[in-house]
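Asker: If you're matching them up, the sequences are chains L and V in order. This note's numbering puts the first residue of the first sequence at 229, with every later residue one more than the last. This note's numbering puts the first residue of the second sequence at 32, with every later residue one more than the last. Every residue, glycine too, gets a C-beta built ideally from N, C-alpha and C. Here you go, one structure.
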Amino acid sequence: MLFSPWATVAIFFVVAVVVALLISAVPGIFTSKRPNRAKSEAYECGVPPTSAMIGRFPVRFYLVAMLFVIFDVEAASFYPWAVRLRDLGAFGLMEMVTFIVVLGVGYAYVWKKGGFSWR
Amino acid sequence: MIQSVAIDWNVIAPVVVLVATGLLVLVVDLLSRSAPRQLLYGIGIVGSLAAFAAMLPLRGQELTTFGGAFASDSFSWPFDVLLLLTLTISLALSCLGKAEDGANPGAYAALLIFCTIGGLILAGATTLIGIFLGLEELSLALYVLAGTGYPRRSSQEAALKYVLLGSLASGFLIFGMALLYGSAGSISLAAMSHAAYAGGPLFIGGFALFLVGVAFKLALAPFHLWTPDVYEGSPLAVTAFMAVAVKAAMFAVLARFAYVVFGHDASALVPLWILAILSMIVGNVGAIRQTNLKRLLAFSGIAQAGYLVLALAGVGRGGVATLVFYLAAYAFMNLGAFAVIALIGNGDELHADLSAYRGLAFRRPMVAALMMLFFLSLAGIPATAGFIGKVLLLGQAMGAGPWGVAMAVALIVGTLVSFYVYFQVIWQMFAPADAEAVASDGNAAVSWVAVAAGAVGVLLLGIVPQLLLAHL
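What follows is the structure, given as structure tokens:
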């Protein structure tokens, strides 16, 4: 064999690096740069920015993100079950019920303890 | 057509019992507004004992389920018992009046139970996916538990440090697993042994990253830097759980990996021997200057993890018996020492400070005698479990070539250094008390039970080790 099967990976890697470098370098060479204060500001849909771009934000956003991930994963695991509903039969139903019960207890706990209220 | 996987429910009965217990604790906490936390922890303890009862018929059997991905065999059984013992004692110590639980006893107890489930999965996992699943279940719950001393700053620090460094270690571990899978073409450990035999950069790289991840969780030097801060910051009962349960579960994984993958030839484990020697040095030397007992026991734990690695030298079933014996000894003496700290302060954090022990031998001679017993065992004095364990470890290491001898020398030197550390604590108990000594009058029955369990274990294993060794 002329090339090792890994040669394609190497070629892909080289192409990826070269293209990425080209795309970021070419505009810098050919554009004209005349910055002024308004142009250098952070772009917020035309509205004048009110605060620094990098700042602290409340930890409750992380809480929302975590809760979202839980239900996202739950929904994702429903799909394969729904597609194969008839083949999996009673066994699949039992598995899903177990899954929902475990998740449901956690859901009830978070709800009752005020995890969903925006404090 | 889908092939349904046959599930042998008996094999995972202990896990199922614990899952049900964890959920029950949450539901009881929800339904009764005024349930005392002792009730919730009591449910946890009953569940832990029920899981132990479910394990009894599995003893001496070699069973697998989930298509061979989860095993209950003579390998996992002793580790499972240690995990349940640790859960029971940690929950018992959490019942004490001043024990911290983040004002959320239901979640606290459930998390401790879920941690133990992760440990059981780790001990029984025979595939890379099973190992990762168990590890994350164990770790994620522990990150939260480390922070349950909430208003205390050091507890927040512990949680943050643990979650950041722990996630990094998990990253190493899963990347290593990906490479191992690439080299073996299978996630099963049994298939890994062919790849180990063939060697190759993919396998070596994968094993190196896997080892880094495991060494972090075991707190082997140089991956130990998180240990003292996390042990010091976490609530007392959580620290006790962390010290014993995480080591038991991770050593179960490491031993199974070493036995299944490198059963034919342990020469690839040399990096592990180096980590062990480093741990023995760092742990014992680091413990010298500590004035906080939780930090001191953290460094002691680093050294003990190094000792435990010796059991894997010259991999074989004899090594696993040694490992289980020393882990059992380690569990009894550590849980005992933590139980004494909890006993005299009724579960508060003040009594983790070494100065609280000045003059204890005159104020509370019985408690001081038991504390002395646990520290003598940690040092490895004859007639205690620690001594027999170290003798077994030395025997195991001496038959394992030059690296085994090097580790045996490190164990002896480390033990000599550790005498200074442990006798310092004993010395404090006999020193005259300061005028402003903190009150050490805790006397709760539940902590006495935990202390007694530790003392009986240390003495029985130290005087009649055959009781345990005959069954391994």
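Quick one: using the 10 Å Cβ neighbour count with 16 as the cut-off for buried, is residue 299(L) buried or exposed?
Answerer: With fewer than 16 Cβ atoms within 10 Å of its Cβ, residue 299(L) is classed as exposed.
Asker: What's the gap between the Cα of residue 476(V) and the Cα of residue 120(V)?
Answerer: Their backbone Cα atoms lie some 13 Å apart in a straight line.
Asker: Check whether the region 190-199 of chain V and the region 252-263 of chain V are in contact - that is, three or more C-beta pairs closer than 8 Å.
Answerer: Segments in contact, yes.
Asker: Against residue 333(L), what residues of chain V qualify as contacts under a CB-to-CB distance less than 8 Å, listed in chain order?
Answerer: Under the 8 Å cutoff, chain V gives 54, 57 and 58.
Asker: What does a CB cutoff of less than 7 Å around residue 396(V) pick up in its chain, not counting 5 residues either side in sequence?
Answerer: If we look at residue 396(V) and ignore the five residues flanking it on each side, it has no Cβ neighbours.
Asker: Rounded to whole angstroms, what is the Cα-Cα separation between residue 413(V) and residue 367(V)?
Answerer: C-alpha separation (whole angstroms): 18 Å.
Asker: In chain L, which residues lie less than 7 Å from residue 61(V) when you measure between Cβ atoms?
Answerer: Within chain L, the residues near residue 61(V) are 336, 337 and 340.
Asker: Going along chain V in order, which residues have a C-beta closer than 8 Å to the C-beta of residue 297(L)?
Answerer: Chain V residues near residue 297(L): none, gap ~12 Å exceeds 8 Å.
Asker: For residue 365(V), name the three-state secondary structure that DSSP assigns.
Answerer: Residue 365(V) falls in the helix class under three-state DSSP.
Asker: Mind checking which residues open and close the beta strand (DSSP E) that includes residue 386(V)?
Answerer: Counting along the chain, residue 386(V) falls outside any beta strand (DSSP E), and DSSP gives it neither H nor E.
Asker: Pull up the DSSP beta-bridge partners for residue 156(V), would you.
Answerer: DSSP, once it has assigned bridges, lists 101(V) as partnering residue 156(V).
Asker: Going by CA-CA distance only, name the one from 104(V), 386(V) and 328(V) that's closest to residue 95(V).
Answerer: Closest by alpha carbon: 104(V).
Asker: Residue range of the beta strand (DSSP E) that residue 95(V) falls in?
Answerer: That run of the beta strand (DSSP E) goes 94-96.
Asker: Roughly how many angstroms separate the alpha carbons of residue 497(V) and residue 255(V), rounded to a whole number?
Answerer: The straight-line gap from Cα to Cα measures roughly 34 Å.
Asker: Does the contact criterion of 3 or more C-beta pairs under 8 Å hold for the region 67-87 of chain V versus the region 115-135 of chain V?
Answerer: In short, these stretches touch, since the Cβ pair count reaches three.
Asker: Could you tell me whether the region 132-140 of chain V touches the region 239-252 of chain V, using the rule of 3 or more Cβ pairs below 8 Å?
Answerer: The region 132-140 of chain V vs the region 239-252 of chain V: no contact.
Asker: Does the Cβ-Cβ distance between residue 85(V) and residue 45(V) come in under 9 Å?
Answerer: Taking 9 Å as the Cβ cut-off, residue 85(V) and residue 45(V) qualify as a contacting pair.
Asker: Rounded C-beta distance between residue 253(V) and residue 309(V)? I'm assuming under 8 Å.
Answerer: Contact holds; Cβ gap of about 6 Å.
Asker: Rank 217(V), 174(V), 270(V) and 93(V) by C-alpha distance to the C-alpha of residue 159(V) and give the top, closest one.
Answerer: When each option's Cα is compared against that of residue 159(V), the closest is 217(V).
Asker: Helix, strand or coil for residue 219(V) per DSSP?
Answerer: Here residue 219(V) sits in strand by DSSP.
Asker: Considering only the beta carbon of each residue, do residue 338(V) and residue 307(V) sit closer than 9 Å?
Answerer: Yes, they are a contact pair.
Asker: Roughly how many whole angstroms lie between the Cα atoms of residue 315(L) and residue 58(V)?
Answerer: In a straight line, the C-alpha of residue 315(L) is about 34 Å away from that of residue 58(V).
Asker: Less than 9 Å separating the beta-carbons of residue 426(V) and residue 353(V)?
Answerer: Cβ distance < 9 Å, so residue 426(V) and residue 353(V) count as in contact.
Asker: When DSSP builds the beta bridges, which residues end up paired with residue 377(V)?
Answerer: The partner list for residue 377(V) (beta bridge, DSSP) is empty, contrary to what the question assumes.
Asker: Once the 5 residues before and after residue 302(L) are set aside, which same chain residues still bring their CB inside 7 Å of it?
Answerer: Around residue 302(L): 331.
Asker: Could you give the first and the last residue of the continuous alpha helix (DSSP H) run that contains residue 264(V)?
Answerer: Counting along the chain, the alpha helix (DSSP H) containing residue 264(V) begins and ends at 258-264.
Asker: How big is the Cα-Cα spacing for residue 436(V) and residue 429(V)?
Answerer: Using only the alpha carbons, I get a separation of about 5 Å.
Asker: Buried or exposed: residue 389(V), going by 16 or more other Cβ atoms within 10 Å of its Cβ?
Answerer: Residue 389(V) is buried by the Cβ-count criterion.
Asker: Could you give the DSSP three-state label for residue 315(V): helix, strand or coil?
Answerer: Here residue 315(V) sits in helix by DSSP.
Asker: Given that residue 311(L) touches chain V, what residues does it touch there, using C-beta distances under 8 Å?
Answerer: In chain order: nothing, as chain V lies at least about 11 Å away.
Asker: Excluding the 5 residues flanking residue 321(V) on each side, which residues of the same chain have their C-beta closer than 7 Å to its C-beta?
Answerer: The answer, listed in chain order, is 327 and 330.
Asker: Rounded to whole angstroms, what is the Cα-Cα separation between residue 438(V) and residue 240(L)?
Answerer: Looking at the two C-alpha atoms, the distance is approximately 47 Å.
Asker: Can you list, in chain order, the residues of its chain with a C-beta nearer than 6 Å to that of residue 149(V)? Leave out the 5 residues immediately preceding and following it.
Answerer: Counting only Cβ-Cβ distances below 6 Å, and skipping sequence neighbours, we find 165, 168 and 169.
Asker: So residue 456(V) and residue 385(V) are in contact, right, with Cβ under 8 Å, and what is the actual spacing, rounded?
Answerer: About 7 Å; that satisfies the 8 Å criterion.
Asker: Could you name the residues of the region 273-292 of chain L whose beta carbon sits closer than 8 Å to any beta carbon of chain V, in the order they occur along the chain?
Answerer: So nothing in the stretch comes that close.
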